[in-house]
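Q:
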Amino acid sequence: MKDLSLVIKLMMAEKKDIFYSVLLGVLAGIGAVGLFAASGYLISISALTPPLYILTIMIAVLQLFSISRAVSRYGERYFSHRATFTMLSNLRVHFYNKLEPLAPRIFHKYQSGDLLSRIVGDVESLQNFFLRVFYPPIVMVIVFLSTIVFTAWFSFSVAIVLILGLVLTGFLIPAFFALRRRRLASEMREKRGELSTEVTEFLYGFRDLKIHQQLASQEEALTTSSEKYIQEQEQSGIHTLYSQSLNQMVSFIVTWSIVAIGAYLVTEGSMEGVFLAMLIMISLTVFEDSTPMAAFPSHYEDSRRATSRLLSVVDDPAEAVQAEETKRNLDTEGAFPIEINNVSFAYEREGRNMLEDVSLSLPAGSKTAIVGPSGSGKSTLIQLLLKVYPVQEGDILIDGVPLNDVSEESMWQGANAVLQDNHFFYGTIRDNLQLAGDELTDEDMEAVLEKVKLHSFSVIDSVLEKGENLSGGEKQRLAMARAMLKGAPLWLLDEPTSSLDTLTEQDIYDQLFAQAEDDTVVLVSHRLTGLERMDQIIVMDRGKIIESGTYEELMERRGYFYELKQIEKSVLM
Amino acid sequence: MKSLKEIASMQRNRVVFIYLISILLGAVIIGQAYFIVTVVDGVFLQDASFQMIWPALIGLIIVFILRAMVTYAHGRTGMKMAAKAKQDFRQSLVKQYVKNPVQASLKGQSGEKVSIMMDSVDEVDSYFSHFYPQKIQSMIVPIMILIAVYSQNVLSGLIMTVTAPFIPFAMAIIGMKTQKKSEEQMEKLAVFSGRFLDTLQGLATLKFFGRAKQQQREIQDSSLNYRDATMDVLKIAFVSSLLLEFISMLGIGLVAIEVGLRLLIYEQLTFFTAFFVLILAPEFYSSLKELGSAFHTGRGSMGAAKKVTAELEDHEQEMEWGSETLTVREEPPTVALDHVSFSYGEDRFTLKNIDATFSPYNQIAIVGRSGAGKTTLLNLLSGLAAPSEGDIKVNGQSLYSYKEKDWFDQLSYISQNPYLFAGTIAENVAIGARGEVSREEVEAACEKAGVAEMVERLEKGYDTPVGEAGRGLSGGEKQRVALARAFLKRPAIILFDEPTVGLDLKTEQILQASIHELAQSATMITVAHRLHTVMEADQILYLEAGELVAKGTHSELIEHVHDYREMVSTQRGGDAG
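Those protein sequence lines, which keep their order, are chains S and P.
First residue of the first sequence: 1, per UniProt numbering; consecutive thereafter.
First residue of the second sequence: 1, per UniProt numbering; consecutive thereafter.
#1: Cα-Cα, which of P:D563, P:G303, P:K460 and P:P133 is closest to P:L25?
#2: According to DSSP, P:P55 sits in a beta bridge with which residue or residues?
#3: For a quick check, are the C-beta atoms of P:E258 and P:I159 less than 9 Å apart?
#4: Could you name the residues of the same chain whose beta carbon sits closer than 6 Å to that of S:L6, not counting the 5 residues immediately before and after it, in chain order?
#5: Which term fits P:M176, buried or exposed, when burial requires 16 or more other beta carbons within 10 angstroms of its beta carbon?
#6: Closer than 8 Å, Cβ to any Cβ of chain P: which residues of the segment 487 to 501 of chain S, in chain order?
#7: Name the chain S residues whose beta carbon is nearer than 7 Å to that of P:Y413?
#8: Does S:F425 come out as helix, strand or coil in the three-state DSSP assignment?
#9: Cβ of P:T38 within 9 Å of Cβ of P:I53?
#10: Tell me whether the beta-carbon of P:S287 lies closer than 9 Å to the beta-carbon of P:P142.
#11: Using 10 angstroms around the beta-carbon of P:G42, count the other beta-carbons present and answer buried if the total reaches 16, otherwise exposed.
#12: Could you please give me the residues that DSSP links to P:M524 through a beta bridge?
#13: Between S:N90, S:S458, S:A436 and S:S251, which lies nearest to S:E446 when the distance is taken from Cα to Cα?
#14: Once DSSP output is grouped into helix, strand and coil, what is the label at P:F419?
#15: Taking Cβ positions only, does P:Y72 come closer than 9 Å to chain S?
#16: Where P:E456 and P:G450 are concerned, what is the direct C-alpha to C-alpha distance, given to the nearest angstrom?
#17: Let me confirm a value: S:E393 is counted as buried when at least 16 other C-beta atoms fall within 10 Å, else exposed. Which label applies?
#18: Compare the C-beta of P:Q220 against all C-beta atoms of chain S and say whether one is closer than 9 Å.
#19: Tell me whether the beta-carbon of P:Q410 lies closer than 9 Å to the beta-carbon of P:V340.
#20: Does DSSP put S:M87 in a helix, a strand or coil?
#21: Do we get a CB-CB distance below 9 Å when we pair P:M567 with the residues of chain S?
#22: Would you mind reading off the limits of the alpha helix (DSSP H) that contains S:G165?
#23: So what does DSSP say about S:L454, is it helix, strand or coil?
#24: Is S:I43 close to chain P, meaning its C-beta is less than 9 Å from at least one C-beta of that chain?
#25: So, does the CB of P:A82 fall closer than 9 Å to a CB anywhere in chain S?
#26: Skipping 5 residues on each side, what residues in its chain have a beta carbon closer than 8 Å to that of S:S303?
#27: For P:P282, count neighbouring C-beta atoms within 10 Å of its own C-beta (all shown protein chains included) and say buried if the count is 16 or more, exposed if not.
#28: By DSSP, does S:V259 sit in helix, in strand, or in coil?
#29: Can you pull the DSSP bridge partners for S:W491?
#30: Quick one: using the 10 Å Cβ neighbour count with 16 as the cut-off for buried, is P:P333 buried or exposed?
#31: Would you give the residue range spanned by the alpha helix (DSSP H) that P:Q410 belongs to?
#32: Where does S:R328 fall in DSSP's three states?
#33: Please determine, among S:S308, S:S157 and S:F252, the residue with the shortest C-alpha to C-alpha distance to S:S290.
#34: Using a threshold of 9 Å, state whether the C-beta atoms of P:F166 and S:Y74 are closer than that.
#35: Return no unless some Cβ of chain P is closer than 9 Å to the Cβ of S:V521.
#36: Given that a residue counts as buried once 16 or more other Cβ atoms are within 10 Å of its Cβ, and exposed if not, what is S:A417?
As structure tokens, this is what we get:
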């Protein structure tokens, strides 16, 4: 039940709808019982040639019950579904909110197809929680109790049998199946997640799968996954059907007992025969409300699993984040100094340190380049500055404040970041650039596109998912344009131009340095050309700073930087 | 693609079984009414003793038990049908996606395709598990009840016959509207899925721009939209069941009044007949009404099925491969580009009229500024995308006259951003091999590709799982994993998108030696970024804005092509020539 408490909490926001659902559900249930009771009585009394007015009254009662039943059923459905789907919508947003602070780390743990299946599929399956688990038992109990009280007027023993029937079909049988189901541990949700993950991977990895002629085996794997999922679905369906049929059978047996007991009482003379038909009709009808209870265990179990799958993503205690409110906001109006002292860092599940005792000073307004082979820790350093990962050892002081105490939002607000993987959203160039600020006009955007040499693009050009219709160089320039539009005082650039030719790169750097004259710039560069203008160059290898200084100093030293420069001369562009 | 009805009738045995079960159900319902009435009539009016009604009571319990069993058998058969149909649909979708050319797989958001594969197919379920069996049942059971009623009391039968047609009529009107609405609903679900996946993947970017909170609003809107679409569909369903409820109440009411009056005033009926009819009337209408709600879900399924079918029919420019065998000879095949042009549909990304011939063991360098069309050319050469005009010739014949498998068996494509599959690093390397490979072979391949040192530094080494799209590895490392795949494969043709990033000294040396080794037994076509690559190339293709501006060796191009000279000299700080 702990898992479901969140769902219940969100559901309680729809109190009014819940109240109406229960009220109207009870009215509809009582209406149905009343209707059939009245018709049974009507027919029996007619056989006894009563005065005509009794017949007229009975017919009027009959019609009243039938109309009230139909109308309240409609209302019940309307309110209960509205409550449910509003709740689902809130739940999705809730899940997104919980997920958001965990990004991008969470992608190391879950694949996005899996996350999608959870937020769409699992949330969707929770609709049954309110509709089939939460309120129907309440309705059922009220309708049953009213019916039993009514029946007790005519025959105490029939009422007892009804109580027995209620306990059996409403509680014992569902409880039995709930237990059994838990033991069976249906893996439907898991199989669905697996299939969804595989489909997503199949679509993203299509090119490489095709080249390696793995499409056929992937097709087979998908088919098997789909089969397994369908099997689980079927099994769970049949299980539900079985419990439903059993429940129906028990309710039939209860009705049969009422027929038998009633008939016996009439032959004994302890009950009037005119009520027998009515009692039988009541019994046949009232169990309509308890048969759905057969589905209760499966829906309950399903909801529980869906919620725990949802929560397991966002409730990872290892991800507990320090409350944001207690953190300091940076003053991001102008450039600020950054001090990095003895920082070491290792990724989760990796034995080796990615950064080893790194110390570095970035005065306000300074221009720093970080160079080194791939895997030397350059990008990690940038990611630490962006608070993608927390500082583990040593400290980073931003404007004198330890980075771990700076609020994420103000850090991001203060930085123009261009990372190696820049995401572009499905939409237009404008949609993607507008991220940098709502106030930006098309003219602003066009001016920046000009600066990054993307004059052939118009803001209305479409961008496909992940920018698939853009070349690597175009994506980088677009990311650069986005950063330029943002205009924050700290630039964190991780190989922002690696796919560009040198000429274009130099042009863009000219634009960058013109705009960032007073800003602090940290540029991770794969290229050594053009670094003459930097205040300092940091050379990294295997997580350590092995050299630092200005371009001239490093060249004179004839150390690692000098050698790198020699290789670069053999690289064409 | 067949209609759902045709798909259902293909499962012949199950359909016949449903018919039989439905007939049994009709009999059981009539029997139930008969026995109840016999008991009540006996003790109420005929003054029968309890012993005398025993046979009817025994009959009743048998009928009751049978009825529960029939319900079970009925439902189970429907589920079996649904399982088969869903599996068939998914299989056809996968087959379709497998056949698509690369550019088609880029079209649209993957989230949408996932949603069709998962949600739409699941939605088809209820047609087979509910609607179709219910349709048969609702055809048979009411008619059997009607016959029973007619045999007892013609007037009640007439009332039922007259009111019943209103039910399918009301359903038909509502059903038409539901289908459209439910298509809209599926559409909105797909849009929601697409947006959500896109947002999830771009969450880091959104956060850096302080947009994550705003995106929350969009997710909320999108989610509420979906809720409203769902409610729209449901509202129709509820109104339809209200309407059906009214019709059946009217019918039952009329029958009750009719039998009541005739019993009491005219004394034309016995209590037995009147009660019998009165018990059967609700069963009659509820069987029709159940069809109503099943009809509704069935319509929803049809909407979903339409979406699946549309996806299945959307096979534009399917890549057709031939049946000729491309025999593996000692030397690599000759590849030629014969007036090849390509456009992505929009004119911006084109290659125009490229002509070139690559002899066996040639080393080809494709050179040009970013956006010149180098990667597109590589995609065409790989057979991942077909040229819009012109032809690619392999050993003098069109590439597409060969079997697809034969071509890809001889080819390795080492792109700058290869996809690493969920699985371990070892598995990702082994995918390059044509058969089973040992761990030693994988390790040797990684050694040659210069990725071994990185892998061995990991805690679990080669058994380290890589995340989706190899998120744990850098771009350069992923490319070297792809290179290791090539070492296992030893292809005749290698397409290589050379890294633009400077690597460390040692890796650079390993990589040069490795590529050199691979090139010994293959034709190597490289999108070149290294000076030594172009200097060693037998032929350089210099591209500018999708056009082949010049062809030749390094020294030829340096001499004759101004732009090429300029490009090379910028990099070398002006000291090369």
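Note that beta-carbon positions come from the ideal geometry of N, C-alpha and C, so glycine has one too.
Nothing here was measured: the structure is a model prediction, and the numbers come from that model.
A: Let me lay it out:
#1: On the second sequence, position 25 is the one that residue 25 of chain P refers to. For P:L25, the nearest C-alpha among the options comes from P:P133.
#2: What you label residue 55 of chain P is simply residue 55 of the second sequence in a count that begins at 1. DSSP output for P:P55 lists no bridge partner at all.
#3: Residue mapping note: residue 258 of chain P aligns to position 258 of the second sequence, counting from 1. Residue mapping note: residue 159 of chain P aligns to position 159 of the second sequence, counting from 1. The answer is yes: Cβ separation under 9 Å.
#4: Locating residue 6 of chain S in the first sequence gives position 6, where the first residue counts as 1. There are no such residues.
#5: As a working note, residue 176 of chain P is residue 176 in the second sequence. It is exposed - the Cβ of P:M176 has fewer than 16 other Cβ atoms within 10 Å.
#6: Those residues of the segment 487 to 501 of chain S placed with their C-beta closer than 8 Å to a C-beta in chain P are E495, S498, S499, L500 and D501, ordered along the chain.
#7: Walking along the second sequence from the start, residue 413 of chain P turns up at place 413. Correct list: I211.
#8: Residue mapping note: residue 425 of chain S aligns to position 425 of the first sequence, counting from 1. Correct three-state label for S:F425: coil.
#9: Position 38 of the second sequence, counted from the start, is the residue given in the question as residue 38 of chain P. Position 53 of the second sequence, counted from the start, is the residue given in the question as residue 53 of chain P. Cβ atoms of P:T38 and P:I53: closer than 9 Å.
#10: Position 287 of the second sequence, counted from the first residue, corresponds to residue 287 of chain P. Position 142 of the second sequence, counted from the first residue, corresponds to residue 142 of chain P. Here P:S287 is near P:P142, since their CB atoms are less than 9 Å apart.
#11: Locating residue 42 of chain P in the second sequence gives position 42, counting from the first residue. It is buried - the Cβ of P:G42 has at least 16 other Cβ atoms within 10 Å.
#12: In the second sequence, residue 524 of chain P corresponds to position 524, counting from 1. Paired residues: P:Q363 and P:I494.
#13: Counted from its first residue, the first sequence places residue 446 of chain S at position 446. Of the candidates S:N90, S:S458, S:A436 and S:S251, the one whose C-alpha sits nearest the C-alpha of S:E446 is S:S458.
#14: Taking the second sequence and counting its residues from 1, one reaches residue 419 of chain P at position 419. Contrary to the premise, residue 419 of chain P reads as Tyr rather than Phe in this sequence. Correct three-state label for P:Y419: coil.
#15: Within the second sequence, numbered from 1, the residue matching residue 72 of chain P stands at position 72. Interface residue, yes.
#16: If you number the second sequence from 1, residue 456 of chain P lands on position 456. If you number the second sequence from 1, residue 450 of chain P lands on position 450. C-alpha separation (whole angstroms): 11 Å.
#17: Residue numbering aside, residue 393 of chain S sits at position 393 when the first sequence is read from its first letter. That one is exposed.
#18: As a first step, residue 220 of chain P is located in the second sequence; it is residue number 220 there, counting from the start. Chain S contact via Cβ: present.
#19: Position 410 of the second sequence, counting from 1, holds the residue named residue 410 of chain P. Position 340 of the second sequence, counting from 1, holds the residue named residue 340 of chain P. Contact flag unset, no.
#20: Position 87 of the first sequence, counted from the start, is the residue given in the question as residue 87 of chain S. Three-state result, S:M87: helix.
#21: Here residue 567 of chain P refers to the residue found at position 567 of the second sequence. With 9 Å as the cut-off, P:M567 counts as an interface residue toward chain S.
#22: Within the first sequence, the letter at position 165 stands for residue 165 of chain S. Element bounds for S:G165: F156 to L166.
#23: In the first sequence, residue 454 of chain S corresponds to position 454, counting from 1. Looking at S:L454 - three-state DSSP - the assignment turns out to be coil, as it is neither helix nor strand.
#24: Along the first sequence, one-based indexing puts residue 43 of chain S at 43. It does; some Cβ of chain P falls within 9 Å.
#25: Within the second sequence, residue 82 of chain P is the residue found at index 82, counting from 1. Yes, because at least one Cβ of chain S sits closer than 9 Å to the Cβ of P:A82.
#26: Taking the first residue of the first sequence as position 1, residue 303 of chain S is located at position 303. Cβ neighbours of S:S303 beyond the five flanking positions: L4, V7, S125, L126, N128, F129 and V133.
#27: The residue labelled residue 282 of chain P in the question sits at position 282 within the second sequence. Per the 10 Å Cβ criterion, buried.
#28: The residue given as residue 259 of chain S occupies position 259 in the first sequence. DSSP places S:V259 in helix when its eight states are reduced to three.
#29: Taking the first residue of the first sequence as 1, we reach residue 491 of chain S at position 491. Answer by DSSP bridge pairing, in chain order: S:N416 and S:V521.
#30: Walking along the second sequence from the start, residue 333 of chain P turns up at place 333. The residue in question, P:P333, is buried, as its Cβ has 16 or more Cβ neighbours within 10 Å.
#31: Working through the second sequence from its first residue, we reach residue 410 of chain P at position 410. Unbroken run through P:Q410: none, as it is neither H nor E.
#32: As a working note, residue 328 of chain S is residue 328 in the first sequence. Strand.
#33: Here residue 290 of chain S refers to the residue found at position 290 of the first sequence. That would be S:F252, whose Cα lies nearest to the Cα of S:S290.
#34: Locating residue 166 of chain P in the second sequence gives position 166, counting from the first residue. Locating residue 74 of chain S in the first sequence gives position 74, counting from the first residue. Going by C-beta atoms, P:F166 is not nearer than 9 Å to S:Y74.
#35: Here residue 521 of chain S corresponds to residue number 521 of the first sequence, with the count starting at 1. For S:V521, the answer is no, since every Cβ of chain P falls outside 9 Å of its Cβ.
#36: Here residue 417 of chain S refers to the residue found at position 417 of the first sequence. Result: buried.
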